[in-house]
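Numbering (my numbering), first residue to last: 9 to 209.
Next up, the structure:
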């Protein structure tokens with residue numbers, strides 16, 4: 009058991025370092041929910057996602073987005089699915105922004121402003137982006153027969169896309185097959201943790 013916990017910490021650590029902050033991030037409160045995964049990926053925060061994965065592996069309760077407790081084996085698969093969906097959408101947004109000349113608007117120093125959403129996105133970039141998305145549908149953001157995301161949700165995705173480089177998102181998607189295969193093996197938690205840590209930093 010100790011060796012297993014050591015492997016999990018090593019997989020979750022950056023550059024092979026295990027420090028107090030990492031251990032604290034992986035400490036277990038009573039209950040967790042997959043609700044935190046989406047926001048953590050958009051905010052590029054590894055700790056909340058790694059905490060969910062590690063807690064499930066330890067047999068602690070993790071709830072899905074509907075409030076139902078998941079099986080420990082189902083959590084890595086669900087986190088992987090959310091990761092692949094988020095990274096696909098963020099890459100698509102970055103490529104669209106680059107193609108249409110407003111990728112600089114995604115920069116965290118711009119989107120991090122307290123009033124960015126109401127002053128810059130809601131009545132400016134957002135509606136223009138919706139027009140582009142509708143013209144390009146179907147796409148990772150608008151599936152066939154569906155509507156575009158709300159402006160608020162789109163703003164979160166736009167802000168999230170600015171926290172990654174295009175090459176990082178391309179690498180995340182290129183490694184999906186390898187990670188999916190590893191999820192069927194004995195080192196599923198370690199493989200998923202390494203993949204996410206390498207992307208989220």
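Even glycine gets a Cβ: it sits at the ideal position worked out from N, Cα and C. Every value quoted in this text rests on a predicted model; they were computed, and no experiment measured them.
From 75, 72, 79 and 52, residue whose alpha carbon lies closest to that of residue 66:
79
Once you ignore the five residues that flank residue 92 on each side, which residues in its own chain have a CB closer than 6 angstroms to its CB?
The answer, listed in chain order, is 184.
Original post:
Nearest-angstrom Cα distance between residue 100 and residue 205?
Top reply: 21 angstroms
Query raised in the report: What three-state label does DSSP hand residue 203 in the structure shown?
Result: helix
Is DSSP giving residue 77 helix, strand or coil here? strand
Cβ separation of residue 52 and residue 177, assumed to be a contact under 8 angstroms, to the nearest whole Å: Between residue 52 and residue 177 a beta carbon distance of about 11 angstroms is seen, past the 8 angstroms cut, so the two are scored as non-contacting.
| query | Helix, strand or coil for residue 63 per DSSP? | reply | helix
Would you report the Cα separation of residue 202 and residue 49, rounded to the nearest angstrom? Distance between the alpha carbons of residue 202 and residue 49 is about 15 angstroms.
Any contact between the region 133-146 and the region 104-122? By contact I mean 3 or more CB pairs, one from each, below 8 angstroms.
yes
Where residue 193 sits in the DSSP three-state scheme: coil
**Report entry** residue 208 - DSSP class collapsed to helix/strand/coil
**Finding:** helix
So, with DSSP's three-state summary, where would you put residue 154? coil
By alpha-carbon positions, which one of 68, 97, 59 and 98 ends up nearest to residue 87?
The shortest Cα separation from residue 87 among 68, 97, 59 and 98 belongs to 59.
Worksheet entry | Distance between residue 77 and residue 83 (C-alpha atoms, nearest Å) | Cα to Cα, the separation comes out at about 10 angstroms.
Inter-residue spacing [alpha-carbon to alpha-carbon] between residue 180 and residue 123:
31 angstroms
Cβ-based neighbour list, residue 44, same chain, cut-off 6 angstroms, excluding 5 preceding and 5 following: 56
Query raised in the report: What distance in whole Å lies between the Cβ atoms of residue 148 and residue 97, which are believed to be in contact at a cut-off of 8 angstroms?
Result: With a Cβ gap of about 5 angstroms, residue 97 and residue 148 count as contacting.
Residue 84, enclosing alpha helix (DSSP H) - first and last residue
Residue 84 -> alpha helix (DSSP H) spans 82-107.
Looking at residue 142: is its Cβ nearer than 8 angstroms to the Cβ of residue 156?
yes
query: For residue 200, which residues of its own chain have a beta-carbon under 7 angstroms away from its beta-carbon, when the five flanking residues on both sides are left out?
result: 61, 84, 87, 88, 187 and 191
(message) Looking only at its chain, what residues have a beta carbon closer than 6 angstroms to the beta carbon of residue 125, apart from the 5 residues adjacent to it on each side?
(response) Once the five neighbours on either side are set aside, the close Cβ partners of residue 125 are 163.
_Just to confirm my understanding: we take residue 116, look at its own chain, exclude 5 residues before and 5 after, and list those with CB closer than 7 angstroms. What are they?_
170 and 171
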